[in-house]
Amino acid sequence: IKRERKTRRQNSTITSNPGSTVMDTRTATAELGWISFPANGWEEVSGYDENLNTIRTYQVCNVFEPSQNNWLLTTYIDRRAAQRIYVEIRFTVRDCASIPSVLGSCKETFNLYYLETDRTMSEGIKGVEYWANAPFLKVDTIAADESFSQVDFGGRLMKVNTEVRSFGPLSKGRGFHLAFQDLGACMSLLAVRVFYKKCPSVVRNFAFFPETLTGAESTSLVIARGSCIPNAEEVDVPIKLYCNGDGEWMVPIGSCSCKAGYEPDNGNVCRACPQGTFKSSQGAGLCQQCPLYSLSTIEAATLCGCRNGYYRGDMDRPEDMCTSVPSAPRNVVSVVNQTSVLLEWHPPRETGHRDDLSYNVLCRRCHSSERRACQPCDDSVVFVPGKRALKDTSVEISKLRAHTSYTFEIQAVNGVTNKSPYPAQQLSINITTNQAAPSVVPIMHQVSSTSRSFSLSWPPPEQPNGIILDYEIRYYDKVDSVIQSETPNVVLEGLRPGTGYVVQVRARTVAGYGAYSKEMLFHTLTDDEYKSELGQQLSLIAGSLVGGVCIVSLVAIAIICTRRRQLKESVYGDKLQQYNTGGEVTLRPDMFSGPTPTVTFPTLSEGHSSPGVKIYIDPFTYEDPNEAVREFAKEIDPSCVKIEEVIGSGEFGEVYKGRLKPVGKKEIPVAIKTLKVGYSERQRRDFLSEASIMGQFDQPNIIRLEGVVTKSRPTMIITEFMENGALDSFLRQNDGQFPVIQLVGMLRGIASGMRYLAEMSYVHRDLAARNILVNSNLVCKVSDFGLSRYLEEDTSDPTYTSSLGGKIPVRWTAPEAIAYRKFTSASDVWSYGIVTWEVMSYGERPYWDMSNQDVINAIEQDFRLPAPMDCPVVLHQLMLDCWQKDRNARPKFPDIVSMLDKMIRNPASLKAGTNNLPPHHPLLDRGAPDLSRVSSVEDWLAALKMTQYRDSFLGSGFTSLPLVTQITAEDLQRIGVSLAGHQKKILTSVQSMRHQADDQSPTESV
């Protein structure tokens, strides 16, 4: 028996989380010193647990006395900054049926309470009055799963119950007391363990996260910031983990990695690279041996230095071996052809262990009388394919001077030549050029022209390569003609009047003729033009005698003649163009004598469709839905995506805020939807179908799809990030803060997006304020294009559940869509009217707390939502137009955009209107609490969802509902209700309560 007790005692002291326990009576043997009231209630005794271990227990068994109220108060417990506390209670309860002659007051339950405080409560203050009005907060009523009764052989069959309860948040004191209330049970408290949960300190992704207490709620996630371990650096920031309510780490964001010179060891240490090894960059890689011809003599080396005579190039990686410079090229051969030379050579014997070998050719021109007096060649010398970075072992050099000596140096270079302190190895060759023909005459000029001749001149060739002996001129109209001239000018005679001639010229030296110049067109004058020319000369002589008056006439005649000549040239030029291009005429701007013709394309009016507008394609019509994703969504490299923090959860997985850095573009914030692990193929198809839909839209008021990640896990949909989130919650957070015209502007953006969708023949089906996103500039964008899959199966979400079956957002859906599943752009217009009501009421729930079936019945009875407070008449009329029972009578989205534009241009039309329903219509009071249901100020504020003002109301003397009904706007400002929207909501509720109080009579019944 002793050995068995010892083994059981050892096993019973093992706990799952020993560091989080703040009180444990399981191993206590001395008196616990708890306070009990009254004196004949709870009694502390020594006893044994079910394993026969000695323990201190409290027991009570006043089952034969009625009206029991026995209290047991623990000693003061320091919560150690924990916000949520867990209590494990081990107890036994006697079965009331097993106690003979017991009164009806016997219980098999007890109550657990707690009290936050900064100090220990003494026994002296625990009088009858105190316990009658005990200020404890109740945790729970605890019942036994099993109770025990007497057994035949005089002992008791112990049936121990273990229950765990938690409470929080705790914030009012450093600690607390626990209290147990017995109301007439026969029971024993065997042990009480009080503990809290925490996430232990951990090293994850090379970042250290400290010990972190769990949040105030079991579902809370507490962010813990991490810091890189020694010799590690950040990869993604911020570095954090989330501690859940069970004390477990989850959702790691950001990471660290071992920096250059250090390698990971056992996953949580960064160890320095030993001598002879290196690691060049931060990351998960290991240290590497130094490459050839390099070494490292220190620990934590990031680069191995090259040995003497070896180098690394500018583009070489640290992992590449060190290399050397090449030797000189070999066996150069030259072939001289007049003023050109062809050089060829063999590669060097040593390439320096590199494959980026190239050659440079240096040219120097030398005087024949003194070989050493050389200078760099002129820029006019041509190298083919070039003179630097040659890959081939040959080069052709032309446009050299005739009878001139040149020196050519051929250098072999590679990627480390510029690192060497010595010049590149080179091979030299000397050559002398031969006699060469002159170069081409660059241009010809027309000096004068008659009806039978014209005079031409030209400059000499840039490179005559000797003495010019004469020039040969070739000209033709229909038959070629050739003449010679010893001077750089000529007069061509015997030509036909008014005719164009193509002329070319070439020079000749002792080396022969050079090449012909390019073709140029010149014209002779017509006989009339020639006579006019003579008239000009005679007029010029007469003008010198008469005076300056005739000068004007000569200028006019000269202008007329010039225009005629230009016209002749233009006509012939067109013919020459046709001749040279085989009959095809190329139109150029300079061919038009007048202004260049332009073509104006008509611009489509905004909001009107055209044959060019594309039509939406349902991705589910594809035989392979993945094909639709590839066609409409851009695949993004996951390395460009950086996840920063969790911002919510969706149907398929978590939603994150992150950053997208496309290649060559600026980094932008994005929202990232992820597909959770363990998905089915159908879930993946449904998840990506939304991307296939969004990818077809391109409009400023439609959420923009950045792309998808489908080739790695997790699968992601990446969209633009909307800073202010969903429109309904954004409006509720900013109740009453915007002028009406700004709300109309937001509605205009939504209508513009819906107009675009309607033009693409896309029906949204789920248009609601919760599916409109708002960015930092208050631009509203339509989102959530996934309701098509909702219509396939049922759901437990009351927003989308219809009594007719299927998933339908009843409060936002047109009657024909609810009854017959007839979804059209007209049903989207009905939903837009509901969105307008949500915007003008700052996110109020449509139809308040009515059930979905009540909403359907009310609409069938022609009930329509009344105008929200301070809503302009024109806006409420727009809502009523959208809610026409006949869908053909509803406005179209282009019409809605036009109406909103008129309102914005005419702000005077946006005046507040009145409700269209009777003042006491029963549906109008749905949003205000009823006096018959509300019994206190606290309940009234809770019904208004404004419990944050509880202390302000009570502290200012408004402690009862009759006093609240007398409150004014000045009173609200005085007690701290400063938001205009909150003031309106409270005053509206007060007015409604006054009406309820006035209308009530003593004979009313429910």
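When we follow UniProt numbering, the leftmost residue of the sequence shown carries the number 1, and every step to the right adds one.
Note that beta-carbon positions come from the ideal geometry of N, C-alpha and C, so glycine has one too.
{"query": "Consult DSSP for Pro894 and reduce its assignment to one of helix, strand or coil.", "result": "helix"}
{"query": "Rounded to whole angstroms, what is the Cα-Cα separation between Thr836 and Ser825?", "result": "16 Å"}
{"query": "In whole angstroms, what is the alpha-carbon distance linking Glu319 and Asn360?", "result": "29 Å"}
{"query": "Answer yes or no: do Glu268 and Asp356 have a C-beta to C-beta separation smaller than 7 Å?", "result": "The sequence shown places Asn at residue 268, rather than the Glu named in the question. Result no, Cβ atoms of Asn268 and Asp356 do not sit closer than 7 Å."}
{"query": "According to DSSP, which residues form a beta bridge with Glu263?", "result": "Arg271"}
{"query": "Using the Cβ count rule (16 or more neighbours within 10 Å means buried), how would you classify Val782?", "result": "buried"}
{"query": "Considering only the alpha carbon of each residue, which of Cys882, Lys399, Ala389 and Trp812 lies closest to Val381?", "result": "Lys399"}
{"query": "Report the partner residues of Leu241 according to the DSSP bridge assignment.", "result": "Ala224"}
{"query": "So is Gln181 buried or exposed if we call it buried at 16+ other beta carbons inside 10 Å?", "result": "buried"}
{"query": "Using DSSP with H/G/I as helix, E/B as strand and the rest coil, what is Met694?", "result": "helix"}
{"query": "Rounded to the nearest angstrom, what separates residue 1032 and Thr302 at their Cα positions?", "result": "In this structure the chain extends from 1 to 1006, so residue 1032 is not present and cannot be described."}
{"query": "What does Lys781 pair with, by DSSP beta-bridge criteria?", "result": "Leu773"}
{"query": "Rounded to the nearest angstrom, how far is the Cβ of His177 from that of Leu115, given a contact under 8 Å?", "result": "5 Å"}
{"query": "When DSSP labels each residue in this structure, what does Asp849 get in the three-state scheme?", "result": "coil"}
{"query": "Between the alpha carbons of Gly352 and Ala412, how many angstroms are there, rounded?", "result": "11 Å"}
{"query": "Which of the three DSSP states, helix, strand or coil, is assigned to Trp458?", "result": "coil"}
{"query": "Decide if Lys259 is buried, meaning its Cβ has at least 16 other Cβ atoms within 10 Å, or exposed.", "result": "buried"}
{"query": "Identify, in the order they occur along the chain, each residue of the same chain with its Cβ nearer than 6 Å to the Cβ of Ala28, setting aside the five sequence neighbours on each side.", "result": "Arg56"}
{"query": "Quick check on Pro929: buried or exposed, where buried means 16 or more other Cβ atoms within 10 Å of its Cβ?", "result": "Low local confidence applies: a pLDDT of 48 at Pro929 is under 50, so the model's placement there is unreliable, and no value is given."}
{"query": "Could you have a look at Ala943 and say whether DSSP puts it in helix, strand or coil?", "result": "helix"}
{"query": "Rounded to whole angstroms, what's the CA-CA distance from Asn69 to Gly184? Just pull it up for me.", "result": "7 Å"}
{"query": "Below 7 Å CB to CB, which residues in the same chain sit around Val571 once its five sequence neighbours on both sides are set aside?", "result": "Because the pLDDT at Val571 is just 39, under 50, the model does not fix this residue reliably, and the point stays unresolved."}
{"query": "Is Leu924 helix, strand or coil by DSSP?", "result": "Per-residue confidence for Leu924 stands at a pLDDT of 48, beneath the threshold of 50, marking its modelled position as unreliable; no derived number is given."}
{"query": "Is the region 659-668 touching the region 677-687 in the sense that three or more CB pairs, one from each, lie closer than 8 Å?", "result": "no"}
{"query": "Please confirm whether Phe206 and Cys256 have their CB atoms less than 7 Å apart.", "result": "yes"}
{"query": "Hey, quick one: how far does the beta strand (DSSP E) through Trp249 stretch, first residue to last?", "result": "Trp249 to Cys258"}
{"query": "Applying the 10 Å Cβ sphere with the 16-neighbour rule, what's the burial state of Val384?", "result": "exposed"}
{"query": "Measure the C-alpha to C-alpha separation of Gly957 and Asn133 and round it to an integer number of angstroms.", "result": "24 Å"}
{"query": "When every heavy atom of the ligand HEM is checked, does at least one fall within less than 6 Å of the C-beta of Glu43?", "result": "Ligands are entirely absent from the displayed structure, and the ligand HEM is therefore not among its contents."}
{"query": "Please classify Glu690 as buried or exposed, where buried requires at least 16 other C-beta atoms within 10 Å of its C-beta.", "result": "buried"}
{"query": "Would you kindly work out how many angstroms separate the C-alpha atoms of Leu773 and Ile615, rounded to a whole number?", "result": "24 Å"}
{"query": "Taking just the CA atoms, how far does Val45 sit from Ala39?", "result": "14 Å"}
{"query": "Report buried or exposed for Val546, applying the criterion of at least 16 other Cβ atoms within 10 angstroms of its Cβ.", "result": "Legend: pLDDT at Val546 = 48, less than 50; position of this residue unreliable, no value from coordinates given."}
{"query": "Secondary structure at Gly658, three-state DSSP: helix, strand or coil?", "result": "strand"}
{"query": "Are the CB atoms of Val63 and Cys186 nearer to each other than 7 Å?", "result": "yes"}
{"query": "Can you list, in chain order, the residues of its chain whose CB lies under 6 Å from that of Thr117, leaving out five sequence neighbours each side?", "result": "Gly173"}
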